[in-house]
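In UniProt numbering, the protein residues as written are 1 to 485.
Glycine included, each C-beta is placed from N, C-alpha and C at the ideal position.
Take a look at the structure set out below.
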Amino acid sequence: MSSHAGNPFDSGAGGALAELALAASTSSHCHVIIEVTSHLNQRWARSSLTTNGSTTDITVTAIAFAARPNGIATASVTESVSDVEGVLATVRAADAVALLASPAEDASPFAVPSVDADFDVSAVMLSPDVLTAPTAHLGELIAWGRSNGIELFGYLERESTTTWLATSSGVRRRYCAPADRLEITAKSHARTRSTWHGYAAVDLADGDWNRLRSDITTALDWQATSIAVTPGRHDALLSPSAIGDFVIDLYWSAGARDAAEGRSAFHDEHADSKTRIGQLVAAPGVFVTSDPDDPLVPTAPFAVTSTSGRMSSVFDNGRSLDRTDWIRDGRLDSLIATGADSARLGIGQAPIIDTIRLEARSDSVSADSVSADSVSADSVSELATRLGDGLMLTCVWYNRTVDPQTMLLTGLTRDGVYVVRGGEVIGASSNFRFNDSPLSMLNRITASTASGRTLPREMADYANNVAMPAVVVDGMNFTSLSDAR
Numbered sequence: 001m002s003s004h005a006g007n008p009f010d011s012g013a014g015g016a017l018a019e020l021a022l023a024a025s026t027s028s029h030c031h032v033i034i035e036v037t038s039h040l041n042q043r044w045a046r047s048s049l050t051t052n053g054s055t056t057d058i059t060v061t062a063i064a065f066a067a068r069p070n071g072i073a074t075a076s077v078t079e080s081v082s083d084v085e086g087v088l089a090t091v092r093a094a095d096a097v098a099l100l101a102s103p104a105e106d107a108s109p110f111a112v113p114s115v116d117a118d119f120d121v122s123a124v125m126l127s128p129d130v131l132t133a134p135t136a137h138l139g140e141l142i143a144w145g146r147s148n149g150i151e152l153f154g155y156l157e158r159e160s161t162t163t164w165l166a167t168s169s170g171v172r173r174r175y176c177a178p179a180d181r182l183e184i185t186a187k188s189h190a191r192t193r194s195t196w197h198g199y200a201a202v203d204l205a206d207g208d209w210n211r212l213r214s215d216i217t218t219a220l221d222w223q224a225t226s227i228a229v230t231p232g233r234h235d236a237l238l239s240p241s242a243i244g245d246f247v248i249d250l251y252w253s254a255g256a257r258d259a260a261e262g263r264s265a266f267h268d269e270h271a272d273s274k275t276r277i278g279q280l281v282a283a284p285g286v287f288v289t290s291d292p293d294d295p296l297v298p299t300a301p302f303a304v305t306s307t308s309g310r311m312s313s314v315f316d317n318g319r320s321l322d323r324t325d326w327i328r329d330g331r332l333d334s335l336i337a338t339g340a341d342s343a344r345l346g347i348g349q350a351p352i353i354d355t356i357r358l359e360a361r362s363d364s365v366s367a368d369s370v371s372a373d374s375v376s377a378d379s380v381s382e383l384a385t386r387l388g389d390g391l392m393l394t395c396v397w398y399n400r401t402v403d404p405q406t407m408l409l410t411g412l413t414r415d416g417v418y419v420v421r422g423g424e425v426i427g428a429s430s431n432f433r434f435n436d437s438p439l440s441m442l443n444r445i446t447a448s449t450a451s452g453r454t455l456p457r458e459m460a461d462y463a464n465n466v467a468m469p470a471v472v473v474d475g476m477n478f479t480s481l482s483d484a485r
């Protein structure tokens, strides 16, 4: 504990720290964001625990606004802090930089004041005890692996970030975001066989741990039979994790500004907004949505960003967020648009929402619910029968953009590509490099399961709130063989 001018520093009292920082600003307007992150982790390799630990991080962002006759300038400063002086120094730095900054291009009216009842509640701090049960299950899994000649690698993380936003205009918002992650890579036969399993949770039910053992065994057994498959276009069954990585890339390519300026696949030179809003961009029955109140993947119900960018604006901080349909029944319904973008392009305002869901339905039912009859298969195994002949992908990684104007990506498959013939897995192929577009893939989905929470392997560091189905995609473009294992 330390103090400054009689103000004690309580690392969990983010609301009080935000008020203190806001009162210290000399700018015409100020936003303060306090984030307190409590983090627990365990890592293991070769079936042995290598590291474990816990950390607490406190960051403060001060965003100063300097009103001038020709506009309003902004400056954002973010620092890790450990005392009150660190908080106040961050505010002073932002105030000073704002005086020298040029007027902001993204200026728009500030959010209507809203006050959360729990604004003064302390941060959620994690006790190491919350990992007791997962650690016990993990120990059992490692012992099982050793007895079966299977090496396990991976990590388990539990994180809780409490965020407070306070503004000069009266906004007082608070949200606590959990972010769990469990990744396991199992290897056998001198590491010539490898399978990956990821979860956006660590509190798996007993049945899920048992199912994980079965899934590891099945995947490694499938790899006993190696089948040569020539690169080219093959129908593919993508796991929820695999399709999730593609949909996240699509979401991050859905900025209204980029579309209007011809930088993305959502550009239309002939439309008034210069975007494809209102046009069919995916197969009917495809929905891509973000909902802060999603029962599977909820997130903060208000906009909060530390800096302005092509798809975000500090002027939007504090705006309440509602469900947004980005693609609704195949049609582009919205693009990520700041308040300034909305006014300039004549489209609806749609801030980034930190959650994403894909639903691919066999009919164009209401976007508010999914019936059992609106999906093609109840399970991945049933989906494989719908695939008939093709490839089944465990996960993808190292995705990179090749052409933003067509949303073309390249990347690699990893840790299990299985050959399906007559609806049954008959063995495994090598890994592949692929070149394909998420937008094009959404036009080629022929079957799917219901959506569930998943962990995209490539984007797991950046996207935790992801709900995806497993899908069958017609003619995925596998361009060459890969040596990746």
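In this structure, the CA atom of A236 is about 12 Å from the CA atom of T413. Sorting L408, S376 and V420 by C-alpha distance to the C-alpha of M392 places V420 at the top.
Counting of Cβ neighbours within 10 angstroms places V402 among the exposed residues, the total staying below 16. In the three-state scheme derived from DSSP, where H, G and I count as helix and E and B as strand, R213 is classed as helix.
Just so you know, the alpha carbons of D57 and S11 end up roughly 9 Å apart. Following the DSSP letters along the chain, one finds E157 inside the beta strand (DSSP E) bounded by residues I150 to T167. Counting only unbroken stretches of 4 or more residues, the alpha helix (DSSP H) elements lying wholly within the segment 378-447 are 380-387 and 438-441, in sequence order. Look at G244 here: in three-state DSSP terms it is helix. Residue state for Y199 is assigned as strand, using DSSP reduced to three classes. When secondary structure is reduced to three states using DSSP, V229 falls in the coil class, being assigned neither helix nor strand. Looking only at W326, S114, E157 and G475, the smallest Cα-Cα distance to L40 is reached by E157.
By the beta-carbon neighbour count (other beta carbons within 10 angstroms, threshold 16), T90 is buried.
Using a Cβ-Cβ distance cut-off of 8 Å, the segment 58-66 and the segment 87-106 are in contact, since at least three pairs of beta carbons, one from each stretch, lie closer than that value.
With distances taken between CA atoms, V36 lies nearest to W164 out of V297, W164 and D474.
DSSP places L49 inside the beta strand (DSSP E), whose first and last residues are S48 to R68.
Within the same chain, Cβ atoms closer than 8 Å to the Cβ of V130 are found at L40 and R158, the five residues on either side in sequence being excluded. Per the coordinates, the alpha-carbon of E424 lies some 23 Å from the alpha-carbon of D208. Per DSSP, E35 is one residue of the beta strand (DSSP E) stretching across H29 to A45. I277 sits in coil when the DSSP states are folded into three classes, being neither helix nor strand. Annotated three-state conformation of R328 is strand, per DSSP. Per the C-alpha coordinates, the member of Y251, H189 and R357 positioned closest to A450 is R357. W196 places its beta carbon 8 Å or farther from that of G390.
I445 and N317 have their C-alpha atoms some 37 Å from each other. Check the Cα spacing between L100 and each of A67, V81 and A107: the tightest is with A67.
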